[in-house]
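Input: a single structure, listed below in structure tokens.
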Amino acid sequence: METSELLKKVRKIEIKTRGLSRHLFSGEYHSAFKGRGMSFSEVRDYQYGDDVRNIDWNVTARTGTPHVKIFEEERELTVMLLIDMSPSSFFGTVNQLKNEIITEICAVLAFSAINNNDKVGVAFFANEVELFIPPKKGKQHILRIIRELINFEPKGKGTEIGATLEYFNNLVKKRSICFIISDFLSMEYEQALRVAARRHDVIGVNIIDPREENLPNVGLIRAQDAESGAIRWIDTSSQRLREEYARWHQNHLNYFTQTFRKSGASVVNIRTNESYVDALHQFFQQRS
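Under the UniProt record's numbering, the first residue of the sequence shown is numbered 1, with each subsequent residue one higher.
Quick look at the structure:
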């Protein structure tokens, strides 16, 4: 993509999503993720009335006088966006491709985070993590993320959510808010998700195109699997085939919902023929 065209697209997305994050989601984002816990700050001499449970016994033994640990509320949060850039995300039958909606959702979340003085990091993945951008603050950092979202071309085929979560678990040790934005057309990520959800606040954002849920009855069509590249003819006039396909998709949706909820993670389903603003608005309100 030409640089001038890329900058125009970045600017267009910035204007739309920054306005949403400032006017619609700023307060809701803070309310949804305000429970940040307490972090260690310093050690000082024990004073009358201090909680004895906070005594630092190592420092006390070393100095010979009682010392206590002081904790403070965590003010800064790290938001991680794990973004599915596999070929299946470059699909759409309504107004936008799935990856275009993913770009806008990520931009809204990122601007909401920096408005709250939080850091934002990103991992782009297909069958493996292809690009990692460490967490930082600031508008220029967010604009870089948007540029990558618009211009990124995955090298790999397929979708490996489990491997991506393992990468995330090994790399990010400090508790964070982790959004996984994908169409979740793969399975077998339960174990890695369970590990991630124990340490982090994990939210799965499932992007669904209505044509993926049900095949139209339009006779014989030539279809290509976006991730494997396999091409085959499908007789959509067969009711049995349409029913099998609908069950296949429903099984993936059920696996996504049940696996996330069983692990203690949250889920958001966003359909491309509906407003992602309404879906995020409802999610933030439920979390508040």
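Glycine residues also receive a C-beta, built at the ideal position from the N, C-alpha and C atoms.
In this text, all values refer to a predicted model and were calculated from it rather than measured experimentally.
Taking the alpha helix (DSSP H) that residue i belongs to, which residues open and close that run?
i	result
L6	T3 to L20
L165	I161 to L171
L109	K98 to N115
Should residue i be listed as close to the ligand FMN, given that the test is whether its C-beta is under 7 Å from any heavy atom?
i	result
S275	Absence of the ligand FMN is noted for the structure shown, with no ligands found whatsoever.
Assuming residue i is part of the beta strand (DSSP E), what are its boundary residues?
i	result
F132	V129 to K136
N54	Segment: none, N54 is in no beta strand (DSSP E) and carries neither H nor E.
V120	K119 to F125
F179	I177 to S182
Grouping DSSP H, G and I as helix and E and B as strand, with all else coil, what is residue i?
i	result
H200	coil
F283	helix
D235	strand
H149	It is Leu, not His, that sits at residue 149 in the sequence shown. Correct three-state label for L149: helix.
F25	helix
R271	strand
T93	coil
E188	coil
Y276	helix
S266	strand
L82	strand
L77	coil
Going by CA-CA distance only, name the one from the options that's closest to residue i.
i	options	result
V191	N273, I208 and T259	Strictly speaking, residue 191 in this sequence is Gln, with Val absent from that position. Among N273, I208 and T259, the Cα nearest to that of Q191 is on T259.
residue 290	F152, A113, L81 and K136	Summary: the structure shown does not reach residue 290, with the chain confined to residues 1 through 288, and so no result is reported for it.
P87	E100, M80 and L81	E100
N214	L280, A246, A226 and L220	A246
K155	A126, H252 and K9	A126
V129	P210, L171, R261 and R232	L171
Going by beta-carbon coordinates alone, are residue i and residue j separated by less than 8 Å?
i	j	result
S89	K98	yes
V94	L20	no
G121	M187	no
I207	I133	no
L193	A110	no
F284	Y29	yes
- [ ] Determine, using beta-carbon pairs with one atom in the region 136-147 and one in the region 51-65, whether at least three such pairs fall under 8 Å.
- [x] no
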